[in-house]
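Visitor: Numbering (my numbering), first residue to last: 9 to 174.
Glycine is no exception: its CB is placed at the ideal position from the N, C-alpha and C atoms.
The following block contains the structure, expressed as structure tokens.
Okay, structure coming up:
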């Protein structure tokens with residue numbers, strides 16, 4: 009079983025009320041190989057919500073108290089991001105997931121790249137808050153861009169039957 013970002017499953021939970029449907033993830037859900045999670049909703053946010061970015065670091069720095077998650081208007085929402093991350097970690101541990109697929113660039117879910125905190129669309133290497141916490145706890149985290157490699161790593165357990173293919 010893997011945990012996947014709800015927005016990648018087609019649920020309209022992103023900050024702007026949209027989704028980022030990934031067909032392979034949808035197939036995994038249909039085949040009961042994945043379960044959805046949205047750390048931001050778990051942390052207490054609603055949809056839509058104001059965009060937020062990590063200031064002065066990445067998710068690991070947020071967890072260490074060295075950086076903050078700030079909405080575009082300037083409101084500090086660090087505690088909500090941390091809360092959602094810990095709830096997601098507990099869910100991953102309870103389900104004994106083998107991996108987690110999270111939405112890249114998100115201040116919560118980014119697993120290799122996040123926005124730089126200037127709200128200008130510039131990205132930097134780093135993890136979101138949830139991604140950093142999961143990794144600290146030994147959980148394999150990838151973005152939707154790493155899903156194909158994850159499926160190869162996991163072997164036949166997660167092979168998807170795509171229309172016309174075995």
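Take the Cβ of residue 88 as the centre, count every other Cβ of all protein chains shown within 10 Å, and call the residue buried at 16 or more, exposed below.
Guide: By one-based count along the chain shown, residue 88 stands at place 80. Its Cβ being crowded by 16 or more others within 10 Å, residue 88 is buried.
Visitor: Check for me: the alpha helix (DSSP H) holding residue 89 runs from which residue to which?
Guide: Position 81 of the chain shown, counted from the first residue, corresponds to residue 89. It spans 86–103 - the alpha helix (DSSP H) in which residue 89 sits, taken as one unbroken run.
Visitor: With distances taken between CB atoms, is the gap from residue 75 to residue 69 smaller than 7 Å?
Guide: As a working note, residue 75 is residue 67 in the chain shown. As a working note, residue 69 is residue 61 in the chain shown. In this structure, residue 69 lies closer than 7 Å to residue 75 by Cβ.
Visitor: Measuring CA to CA, which of 149, 132, 156 is closest to residue 175?
Guide: The structure shown does not extend to residue 175, since the chain is modelled only from 9 to 174, so the question has no answer here.
Visitor: Kindly indicate which residue of 55, 10, 78 has the alpha-carbon position closest to the one of residue 41.
Guide: Translated into the one-based positions of the chain shown, residue 41 becomes position 33. Residue 41 has its Cα closest to that of 10, out of 55, 10, 78.
Visitor: Name the DSSP beta bridge partners of residue 44, please?
Guide: Within the chain shown, the letter at position 36 stands for residue 44. Answer by DSSP bridge pairing, in chain order: 12.
Visitor: Could you give the distance in angstroms between the alpha-carbon of residue 71 and the alpha-carbon of residue 106?
Guide: Within the chain shown, numbered from 1, the residue matching residue 71 stands at position 63. Within the chain shown, numbered from 1, the residue matching residue 106 stands at position 98. Cα to Cα, the separation comes out at about 23 Å.
Visitor: Can you check which of these residues, 114, 109, 121, 123, is closest to residue 147 by C-alpha distance?
Guide: Within the chain shown, numbered from 1, the residue matching residue 147 stands at position 139. Checked all of 114, 109, 121, 123; the closest Cα to residue 147 is 109.
Visitor: Give every residue of the same chain whose Cβ lies closer than 8 Å to the Cβ of residue 52, excluding the five residues on either side of it in the sequence, and list them in chain order.
Guide: Within the chain shown, residue 52 is the residue found at index 44, counting from 1. If we look at residue 52 and ignore the five residues flanking it on each side, its Cβ neighbours are 88, 91, 92.
Visitor: Taking the beta carbon of residue 169 as the centre, do at least 16 other beta carbons fall within 10 Å, making it buried, or is it exposed?
Guide: As a working mapping, residue 169 is identified with position 161 in the chain shown. Note that residue 169 scores a pLDDT of 44, beneath 50, so its modelled location is shaky; the value from the coordinates is reported in the next line. It is exposed - the Cβ of residue 169 has fewer than 16 other Cβ atoms within 10 Å.
Visitor: Kindly indicate the opening and closing residues of the beta strand (DSSP E) around residue 149.
Guide: Position 141 of the chain shown holds residue 149. Unbroken beta strand (DSSP E) run through residue 149: 149–151.
Visitor: Which runs of the beta strand (DSSP E) fall wholly inside the stretch 106–154 and span at least 3 residues, in chain order?
Guide: Runs found: 107–110, 121–123, 131–133, 149–151.
Visitor: So residue 68 is in the alpha helix (DSSP H); what residue range does that whole segment cover?
Guide: Stepping through the chain shown from its first residue, residue 68 is reached at position 60. Here the alpha helix (DSSP H) through residue 68 covers 67–71.
Visitor: Taking DSSP as the reference, what is the three-state secondary structure of residue 75?
Guide: Counting from one through the chain shown, the residue named residue 75 turns up at place 67. DSSP places residue 75 in coil when its eight states are reduced to three.
Visitor: Look up residue 60 in the DSSP assignment and give the residues it is bridged to.
Guide: One-based indexing of the chain shown puts residue 60 at position 52. Paired residues: 79.
Visitor: My output table needs one value for residue 31: the three-state DSSP class, helix, strand or coil.
Guide: Counting from 1 along the chain shown, the entry for residue 31 is found at position 23. If DSSP states are grouped into helix, strand and coil, residue 31 belongs with the helices.
Visitor: Considering only C-alpha positions, which residue in the set 124, 134, 120, 99 is nearest to residue 79?
Guide: Here the question's residue 79 lines up with position 71 in the chain shown. Checking every option, the nearest Cα to that of residue 79 belongs to 124.
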